[in-house]
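In this text, residue positions in the sequence shown follow my numbering: the first is 8, and each later residue adds one.
Working notes, beginning with the structure itself.
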Amino acid sequence: MEGESTWACKTMCAREGQGMENLSLLVNSEDTPSLLTSEWEDAVIDYSERHLTYGTDRLPALSGFARRFQDRSQWEYMAGLWLSGFPACLAWYRRSSGVGPSLNNSVPSWSWASVSHGVFWPPENSYQPILKSCQLADIRCRPSTENRFGEVEKGSYTELTGMVIDAEMECDNHGCGSVTCRGFRSCPLIPDCLLISETTKINNVSEGEDPKSILDAERKAGIEGGQQARIHRAKPQDQTRIEDPQFRMSRIKGPVICLLLYTKECNSQQIVPRILILGAKSAQHGENDVYERLGFAGPTLSLNKNSHGWEDWESLNWDWNEWEGWFEGAEERTLRIE
Numbered sequence: 008m009e010g011e012s013t014w015a016c017k018t019m020c021a022r023e024g025q026g027m028e029n030l031s032l033l034v035n036s037e038d039t040p041s042l043l044t045s046e047w048e049d050a051v052i053d054y055s056e057r058h059l060t061y062g063t064d065r066l067p068a069l070s071g072f073a074r075r076f077q078d079r080s081q082w083e084y085m086a087g088l089w090l091s092g093f094p095a096c097l098a099w100y101r102r103s104s105g106v107g108p109s110l111n112n113s114v115p116s117w118s119w120a121s122v123s124h125g126v127f128w129p130p131e132n133s134y135q136p137i138l139k140s141c142q143l144a145d146i147r148c149r150p151s152t153e154n155r156f157g158e159v160e161k162g163s164y165t166e167l168t169g170m171v172i173d174a175e176m177e178c179d180n181h182g183c184g185s186v187t188c189r190g191f192r193s194c195p196l197i198p199d200c201l202l203i204s205e206t207t208k209i210n211n212v213s214e215g216e217d218p219k220s221i222l223d224a225e226r227k228a229g230i231e232g233g234q235q236a237r238i239h240r241a242k243p244q245d246q247t248r249i250e251d252p253q254f255r256m257s258r259i260k261g262p263v264i265c266l267l268l269y270t271k272e273c274n275s276q277q278i279v280p281r282i283l284i285l286g287a288k289s290a291q292h293g294e295n296d297v298y299e300r301l302g303f304a305g306p307t308l309s310l311n312k313n314s315h316g317w318e319d320w321e322s323l324n325w326d327w328n329e330w331e332g333w334f335e336g337a338e339e340r341t342l343r344i345e
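Right, dumping it as structure tokens:
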């Protein structure tokens, strides 16, 4: 159309006024899995920053683009991710500084489309092979409509088999946190969204008080009565509680499961772990426990450590490298994640 701007590169073309779903992919004879993965991640990084009126549109609004991408790649699509990229496709993490509840849609917690924030993937060399990896034992993720790139059925899950340890996480309501394995230093943790807990021992921070001194005292004293909180994702229906000023000035902590997603050599030739932080979906434990993803942990993640939220976490070791000690002797388990 006259007077309308057009953009083109070797992977896609677009015209002014078109949405993401109308982007046209250009077939390239030089396509490689690594290049395709990078292009998809770049598209999701850009798209995930956009605000949608309805959380249920998170996947449908991207479906046209995903359909064209599959025509090009021939990969299997699952709730915003491509199975050919397993396990690295699960290594997304929240990059935006703000944090809000998990979206009220049917997208499983292992997909970036379950949160409303901008996401990112670890800055690592995609050409370096993965060294250790969990295994995909099972996955059930069916579309809930005729659009196979749109919404998915409630209860969609993946089952991962890998090295698992028990740990304790702690986080605030700015989207910052840490995870600790007994006897080792804490590792930086990025919660996927705003987290809340049941039977929580809340560390209320009054104006003028030093949050670190309060937390140190509580670590020494332990949680009252030996009870620990079950941490889980906040939902939009928790808004009244979330808006409570006391809640906004608090930290929570509780038991979690750490699953070693994979390890990989970075550009610095350092071997780094990528760790999923999981919490039980139900307070009732049994043989068939179901978990939800709460966050992502590991060193060398791209985030603004100087932002307001991280100023009270100065004791964290950003070059944390104790993962081998954490997972030494760890049991191998199969976990269902919804």
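Note that CB positions come from ideal geometry on N, CA and C, so glycine has one too.
Test item: CB-CB of residue i and residue j under 7 Å
i	j	result
Ser204	Ser193	no
Met170	Ala50	no
Trp119	Gly92	no
Asp326	Pro306	yes
Val122	Asp199	yes
Lys139	Thr247	no
Cys148	Pro94	no
Pro136	Ser309	no
Phe191	Leu267	no
Glu48	Trp128	yes
Pro262	Trp330	no
Leu196	Gly302	yes
Ile259	Leu285	no
Trp99	Val126	yes
Gly157	Leu90	no
Helix, strand or coil at residue i according to DSSP, with G and I counted as helix
i	result
Trp89	strand
Tyr54	helix
Ser204	strand
Ser45	helix
Asp64	helix
Phe127	strand
Asp296	coil
Asp38	coil
Asp173	strand
In DSSP terms, what residue i is bridged to
i	result
Thr168	Gln142 and Thr341
Ala304	Leu196 and Ile282
Val122	Ser109
Pro150	Val159
Cys178	Gly184 and Ile259
Arg101	Val126
Where residue i falls, given that 16 or more other Cβ within 10 Å makes a residue buried
i	result
Thr165	buried
Arg300	buried
Ile344	buried
Gly332	exposed
His58	exposed
Asp179	buried
Lys161	exposed
Tyr61	exposed
Leu342	buried
Asn324	exposed
Thr44	buried
Ser322	exposed
Ala236	buried
Ser109	buried
Glu339	exposed
Beta strand (DSSP E) segment containing residue i, residue limits
i	result
Glu3	Absent from the structure is residue 3, since the part of the chain shown begins at 8 and ends at 345.
Gly184	Gly184 to Thr187
Gly286	Ile278 to Ala287
Arg240	Arg237 to Arg240
Boundaries of the alpha helix (DSSP H) in which residue i is found, first to last residue
i	result
Arg248	Gln246 to Ile249
Trp333	Trp330 to Phe334
Gln77	Ser70 to Ser80
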